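As they're listed, the protein sequences go chains A and B.
By the count of the numbering used here, the first sequence reaches residue 299 at its end, each step adding exactly one.
By the count of the numbering used here, the second sequence reaches residue 299 at its end, each step adding exactly one.
Beta carbons: idealized from backbone N, C-alpha and C, even for Gly.
Bear in mind that the values here come from a model prediction, so they are computed numbers and not experimental data.
Here is the structure we will look at.
2 protein chains.
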Amino acid sequence: MAWDVIIVGAGVAGLSAAMQASRLGLSCLVLEKLVAGGGACLTKQVENYPGYESIDGWTLTRKFEAQALEAGAEIRDSEEVLKVLPAEGEVRVATAKEELTARAVIIASGTREKMLNVRGEKRLRGMGVHYCAPCAGYSYKNKRVAVVGNNDHAIANALFLAEIASEVTIIFEEERLRAEKPLLEKLKEVQNVALLPNARVTAFSGEERLEEVSLSVAGEPRTIKPDGVFIYTDRVPNSEIVDVEKDAEGYILVDCDMQTSVKGIFACGGVVRRNARIASSAGDGMVAALSAAEFLGV
Amino acid sequence: MAWDVIIVGAGVAGLSAAMQASRLGLSCLVLEKLVAGGGACLTKQVENYPGYESIDGWTLTRKFEAQALEAGAEIRDSEEVLKVLPAEGEVRVATAKEELTARAVIIASGTREKMLNVRGEKRLRGMGVHYCAPCAGYSYKNKRVAVVGNNDHAIANALFLAEIASEVTIIFEEERLRAEKPLLEKLKEVQNVALLPNARVTAFSGEERLEEVSLSVAGEPRTIKPDGVFIYTDRVPNSEIVDVEKDAEGYILVDCDMQTSVKGIFACGGVVRRNARIASSAGDGMVAALSAAEFLGV
């Protein structure tokens with residue numbers, strides 16, 4: 002049996018698309034590599050989603066999931082999609098467990114952290130080098146950590162870590178921080194966060210776990226010795242599973258209706274938008290579902 | 002003094018853009034013809050906005066407005082924008098009261114109801130011919146009304162009117178209703194709604210107020226005598242105020258980043274999207290604000 006729509010990824014965009022597609026009467030299966038909620042469920046405090054002045058990402062994405070289920074969508078956690086292949090009048094979706102068929106597919110596979118690609122990073126990953134503060138942050142109670150990055154995510158996670166660690170250093174390449182005003186204002190009120198501008202990480206070293214971080218600060222070498230480092234620089238779109246037109250960095254190219262270069266395949270959320278926010282992903286998902294329904298003649 | 006951003010319209014898209022632009026540190030003025038909230042604040046029950054299983058449009062848009070104000074945006078109600086004119090390195094915005102200047106403008110002016118353009122419609126507008134059930138519906142307690150249209154809006158408003166009026170007839174040109182499944186299911190549970198498919202309104206007549214509606218039903222003339230008629234067919238984008246590229250129906254053409262054909266002018270929400278929903282407008286507004294900030298080098 003072919004599904005009307007298969008959605009790849011149960012993050013914000015996928016759950017929004019699933020709810021709307023189901024409300025339009027389409028049979029709808031969502032395949033999620035990990036757990037429903039995606040990157041947003043790790044955000045401690047969401048303040049820029051219209052409708053909630055302040056809510057944690059976990060609670061918000063539970064609501065998204067409940068609405069998608071209530072509308073009739075089926076969500077399968079821990080089922081990773083390996084390949085999406087357009088075939089004659091349908092689209093085949095291969096997972097590690099099975100091969101499925103749909104009349105339309107919506108790619109909502111989001112992004113993953115981008116490694117800095119410096120010496121020692123891969124070897125010390127999880128041993129002092131981390132990419133998720135809510136996952137690994139609590140092991141650094143009263144210890145010293147560094148955050149690498151200059152964006153809303155980096156600042157929000159530095160603020161989160163400042164409540165746990167004794168000292169947080171934000172390492173960034175630019176002259177000044179770039180983030181939403183409310184985040185920068187909160188940062189000013191916190192005593193244990195230091196800024197290290199014009200700085201680039203050149204290597205991580207340590208025997209069994211991270212001992213030292215080598216930097217280039219304004220062109221001069223310097224070392225610091227935090228207990229842990231959290232990296233929030235660029236992200237990489239999870240777009241390898243499908244052959245559609247993409248930009249140089251791998252983001253899927255779509256038009257205003259979330260249509261990709263291949264008929265019957267739509268994409269939405271972080272995998273199409275470098276600067277995705279929860280609201281833009283929810284909106285993109287809604288649009289993708291409406292476009293898929295139109296494509297299917299509903 | 003030039004504002005960083007002037008937003009035309011305080012509907013869902015405009016309020017979302019205002020919140021995000023303000024959070025990015027931009028000075029932001031929102032000009033609204035009527036009251037903040039736009040079309041969405043007249044929706045009795047919103048079920049497809051991710052984050053709220055069910056909420057009335059008024060309450061939801063009050064939250065949107067509060068967040069925009071909290072973020073620092075200024076919102077001026079009852080200030081209609083007459084013209085948006087790009088000038089050297091800035092954009093001029095003329096209202097009935099004053100001329101303002103901004104470094105970037107976001108058009109979020111939404112849509113308005115489209116008249117059927119049949120005989121008697123203009124003359125009897127407000128005298129039995131209506132375009133807003135929450136505004137005029139309560140005058141039809143225990144009376145008979147008709148709804149013209151075949152879309153989510155028409156069905157949702159027919160359901161709303163069914164709680165007030167004794168009898169509701171839905172008049173539509175197609176063979177069957179096209180709307181979200183949950184709306185169609187609710188319709189089945191209601192006893193006092195009748196369907197009149199394959200039907201087109203050809204005229205309204207009456208001396209001082211509506212007395213008779215002339216129809217063409219499957220090509221044959223017929224008349225009905227409801228006490229009031231509510232029209233929910235197509236919408237018209239409020240795009241006359243600005244000279245940018247538009248499609249044949251007047252919807253403003255934007256790319257995926259909500260950039261119009263004129264540098265420094267962005268557009269979002271119903272004025273760019275024929276099938277806008279609250280979530281898509283909130284997302285579009287967010288994207289427009291991020292694009293405007295990038296344009297302004299923030």
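Extent of the continuous alpha helix (DSSP H) run through residue i
i        : result
SER282/B : 279-296
PRO135/B : 134-137
ALA19/A  : 13-24
GLU66/A  : 58-72
For residue j and residue i, believed in contact at Cβ under 8 Å, the rounded distance
i        : j        : result
VAL245/A : ILE266/A : 6 Å
GLY271/A : THR112/A : 4 Å
PHE173/A : GLY150/A : 6 Å
GLU91/B  : ARG236/B : Actually they are not in contact, since the Cβ atoms of GLU91/B and ARG236/B sit about 31 Å apart, beyond 8 Å.
ASP303/A : LEU184/A : Any question about residue 303/A goes unanswered here, given that chain A covers just 2 to 299.
LEU27/B  : VAL6/B   : 5 Å
THR60/A  : ALA41/A  : With 8 Å as the limit, THR60/A and ALA41/A do not qualify as a contact, their Cβ atoms being about 11 Å apart.
GLU75/A  : VAL31/A  : 7 Å
VAL9/B   : CYS257/A : Actually they are not in contact, since the Cβ atoms of VAL9/B and CYS257/A sit about 19 Å apart, beyond 8 Å.
ALA280/B : MET287/A : 4 Å
N-terminal and C-terminal residue of the beta strand (DSSP E) that residue i is part of
i        : result
GLY229/A : 229-232
THR112/A : 112-114
THR170/B : 168-172
GLU221/B : 221-225
GLU122/B : Element bounds for GLU122/B: not the beta strand (DSSP E) but the alpha helix (DSSP H), 122-125.
PRO238/B : 236-238
ILE266/B : 266-268
GLU76/B  : Note that residue 76/B corresponds to Ile in the displayed sequence, not to Glu. Counting along the chain, the beta strand (DSSP E) containing ILE76/B begins and ends at 75-77.
GLU213/B : 213-218
GLU91/B  : 91-96
THR203/B : 200-206
VAL149/A : 145-149
Burial state of residue i (16 or more Cβ within 10 Å)
i        : result
THR224/A : exposed
VAL36/B  : exposed
CYS136/A : exposed
VAL146/B : buried
SER17/B  : buried
ARG24/B  : buried
SER282/A : buried
SER55/B  : exposed
ALA249/B : exposed
VAL191/B : exposed
ARG124/A : exposed
ALA200/A : buried
ARG177/A : exposed
PRO222/B : exposed
ALA88/B  : exposed
LYS34/A  : buried
GLU241/A : exposed
GLU175/A : exposed
GLY220/A : exposed
Residue i, DSSP secondary structure in three states
i        : result
ILE156/B : helix
LYS84/B  : strand
VAL194/B : strand
ALA103/B : strand
SER28/A  : coil
LYS247/B : strand
ALA176/B : Checking the sequence, you will find Glu at residue 176/B rather than Ala. GLU176/B falls in the coil class under three-state DSSP.
ALA3/A   : coil
ALA109/A : coil
GLU48/A  : coil
VAL36/B  : coil
SER140/A : helix
VAL272/B : helix
Legend entry - Cβ contact check for the segment 161-168 of chain B and the segment 77-86 of chain B: 3 or more pairs under 8 Å: no
Legend entry - Touching by the beta-carbon criterion (3+ pairs, under 8 Å), the segment 46-53 of chain B and the segment 203-210 of chain A: Taking 8 Å as the limit for Cβ pairs, the verdict is that the segment 203-210 of chain A does not touch the segment 46-53 of chain B.
Legend entry - Segment contact flag, the segment 2-15 of chain B with the segment 102-112 of chain B, C-beta cutoff 8 Å, min 3 pairs: yes
Legend entry - Stretch-stretch touch, CB-based, cutoff 8 Å, three pairs: the segment 290-298 of chain A with the segment 121-131 of chain A: no
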